[in-house]
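Engineer: Chains as they are written, first to last, in the numbering used here: chain Z, -10 to 181; chain H, 712 to 797. Glycine residues also receive a C-beta, built at the ideal position from the N, C-alpha and C atoms. Could you have a look at this structure, given as structure tokens, before my questions?
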Amino acid sequence: MKRAEQKAETRRRVLTAATRLVEKRGFQRTRTADVARATRLSHGAVFVHFQSKRALELAVARALGRVLTDRIHALAQEGASFREVLQAHLRCLEEHEELYARLLVEGPLLPKGFSQTWTGIQSAVSHHLLRVAEPAMAAGTIKRQPPHLLFNTWIGLVHHYVVNRKLFAPNGSVLRKHGRMLVDHYLALVTP
Amino acid sequence: MENQAGCVSCGMPFRSIEDHAMSDPAKDYCRHCARPDGTLKSYDEALTGMSGFFQHTQGVDPAVARKMAAETMAHQPAWRGRQPAR
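And the structure:
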């Protein structure tokens, strides 16, 4: 393996280990020393790939942002119904529920660049929801309302369940357990 | 994870040919950052378009939406380091 490939591979390993630790402990309680131990690198070697703990945190958040936006795009293709787009959104989040929950709770404490990642995720989701919902509102099959309220009502409902997942599903994924109920309830709210 | 090229103006990843302006993969900016004739929007036009999207889809306050758009665009190759006029 060439040196550049080795470096890229080590960087990936560090990022993967950091992601796993953040899922378990959160951003604040994940130490770079633990990331080094998990990757069997020296503590200093972590900083060859990420200049600071904050840079590593941002990289974890950005990687999730890319995965989620790619996934929602792949799942919510042209021709999908509104229900199917809602289900696609929940499926994306369920695949990364622990890390997404960490972002929800700790995101405001992360470095400045995080807000762009967060905005990017919500922009992709809102784009796909409204791509289907706006024609449906015009046709009268979804109640007419400001588009941002249609989106924010859905996001508010989903985020409440994800943040408080231990109350609603103490032994597993809250979106797997309650996703269908959330979609059914939301559709009952917005359908005339 | 695959390294994906994105719009030089707004950063949107290109996932299909249709994402490019005029569905032309030779154009390195997206359909949202193109004028109807296919040319790249000016900085102010692109800024207004992106901040309008944040307001329309997510209800972001107009001043905050403009700031968010400016921060995003400042990292893109077409506008690197540029800031909106006050």
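1) Closer than 8 Å between beta carbons: that is the criterion. Which residues of the stretch 75 to 94 of chain Z meet it against chain H?
2) Could you tell me which chain H residues have their CB closer than 9 Å to the CB of L119/Z, listed as they occur along the chain?
3) For T783/H, go through chain Z and note every residue whose CB falls closer than 9 Å to its CB, in chain order.
4) Identify whether P135/Z lies in helix, strand or coil by the three-state DSSP scheme.
5) What would DSSP say about P724/H, mapped onto helix, strand or coil?
6) Which same chain residues, not among the five before or five after A7/Z, have their C-beta less than 6 Å away from its C-beta?
7) Measuring alpha carbon to alpha carbon, tell me which of L64/Z, T106/Z, L164/Z and D173/Z ends up nearest H786/H.
8) Who are the near neighbours of K166/Z in its chain, counting only those whose CB is closer than 8 Å to its CB and skipping five residues on each side?
9) Since M779/H meets chain Z, which of its residues come closer than 8 Å, beta carbon to beta carbon?
10) Output needed for G109/Z: all residues of its chain with C-beta closer than 8 Å, excluding positions within five of it in sequence on either side, in chain order.
11) Return the residue from the list G792/H, D735/H and I728/H that minimises the CA-CA distance to G749/H.
12) Can you check whether the C-beta of P97/Z is within less than 8 Å of a C-beta belonging to chain H?
13) Alpha carbon to alpha carbon, what distance is there between L98/Z and L182/Z?
14) Considering only the alpha carbon of each residue, which of M170/Z, P181/Z and S112/Z lies closest to C721/H?
15) Give a yes or no on whether 8 Å exceeds the smallest Cβ distance from P124/Z to chain H.
16) Closer than 6 Å by C-beta to H(-6)/Z: which residues in its own chain qualify, once you throw out the five before and the five after it? Chain order, please.
17) Buried or exposed for M170/Z, going by 16 or more other Cβ atoms inside 10 Å?
18) What residues in the stretch 139 to 162 of chain Z bring their beta carbon closer than 9 Å to a beta carbon of chain C?
19) Roughly how many whole angstroms lie between the Cα atoms of P124/Z and R746/H?
20) For a contact meaning CB atoms closer than 8 Å, what does P793/H contact in chain Z?
21) Please report the distance separating the alpha-carbon of R18/Z from that of V11/Z.
22) Step through the CB atoms of chain H and report whether any lies within less than 8 Å of the CB of P181/Z.
23) Below 9 Å between beta carbons is the criterion; list the residues of the stretch 726 to 738 of chain H that meet it against any residue of chain Z, in chain order.
24) Can you tell me which of the three DSSP states G717/H falls into?
25) Can you say whether G200/Z is buried or exposed, counting buried as having 16 or more other CB atoms within 10 angstroms of its CB?
Structural biologist: Taking the definition as stated:
1) Only those residues of the stretch 75 to 94 of chain Z whose C-beta falls short of 8 Å from the nearest C-beta of chain H would be listed, and there are none.
2) As a working mapping, residue 119/Z is identified with position 130 in the first sequence. Within 9 Å Cβ-Cβ: H767 and T768.
3) The count along the second sequence starts at 1 and reaches residue 783/H at position 72. Q105, T108 and G109, listed in chain order.
4) Here residue 135/Z refers to the residue found at position 146 when the first sequence is read from its first residue. Residue state, collapsed to three classes: coil.
5) What you label residue 724/H is simply residue 13 of the second sequence in a count that begins at 1. It is a strand residue.
6) Residue mapping note: residue 7/Z aligns to position 18 of the first sequence, counting from 1. Excluding residues within five positions, the ones whose Cβ falls inside 6 Å are V24, L45 and V49.
7) Taking the second sequence and counting its residues from 1, one reaches residue 786/H at position 75. Closest by alpha carbon: T106/Z.
8) Counting from one through the first sequence, the residue named residue 166/Z turns up at place 177. Excluding residues within five positions, the ones whose Cβ falls inside 8 Å are F157 and A158.
9) If you number the second sequence from 1, residue 779/H lands on position 68. Near M779/H (Cβ distances below 8 Å), the residues of chain Z are S104, Q105 and T108.
10) Residue mapping note: residue 109/Z aligns to position 120 of the first sequence, counting from 1. G54 and T58.
11) Position 38 of the second sequence, counted from the start, is the residue given in the question as residue 749/H. That would be D735/H, whose Cα lies nearest to the Cα of G749/H.
12) The residue labelled residue 97/Z in the question sits at position 108 within the first sequence. No - not a single Cβ of chain H is within 8 Å of the one on P97/Z.
13) As shown, chain Z starts at -10 and ends at 181. That puts residue 182/Z outside it, with no answer to give.
14) Within the second sequence, numbered from 1, the residue matching residue 721/H stands at position 10. Among M170/Z, P181/Z and S112/Z, the Cα nearest to that of C721/H belongs to S112/Z.
15) For this step, residue 124/Z is matched to residue 135 along the first sequence. Cβ-Cβ to chain H under 8 Å: no for P124/Z.
16) Locating residue -6/Z in the first sequence gives position 5, where the first residue counts as 1. The sequence given here places Glu at residue -6/Z; His does not occur at that position. The answer is none, since no qualifying residue turns up.
17) Counting from one through the first sequence, the residue named residue 170/Z turns up at place 181. M170/Z should be labelled exposed.
18) No chain C appears in this structure, whose protein chains are Z and H.
19) Residue mapping note: residue 124/Z aligns to position 135 of the first sequence, counting from 1. Residue mapping note: residue 746/H aligns to position 35 of the second sequence, counting from 1. P124/Z and R746/H: Cα-Cα distance of roughly 23 Å.
20) Along the second sequence, one-based indexing puts residue 793/H at 82. The residue asked about is misnamed: residue 793/H is Arg in this sequence, not Pro. Chain Z residues near R793/H: none, gap ~16 Å exceeds 8 Å.
21) What you label residue 18/Z is simply residue 29 of the first sequence in a count that begins at 1. What you label residue 11/Z is simply residue 22 of the first sequence in a count that begins at 1. Roughly 8 Å between the two C-alpha positions.
22) Taking the first sequence and counting its residues from 1, one reaches residue 181/Z at position 192. Interface criterion not met: the Cβ of P181/Z is under 8 Å from no Cβ in chain H.
23) R726
24) Working through the second sequence from its first residue, we reach residue 717/H at position 6. The answer is strand: DSSP assigns G717/H an E or B state.
25) For residue 200/Z there is no data in the structure shown, the boundaries of chain Z being -10 and 181.
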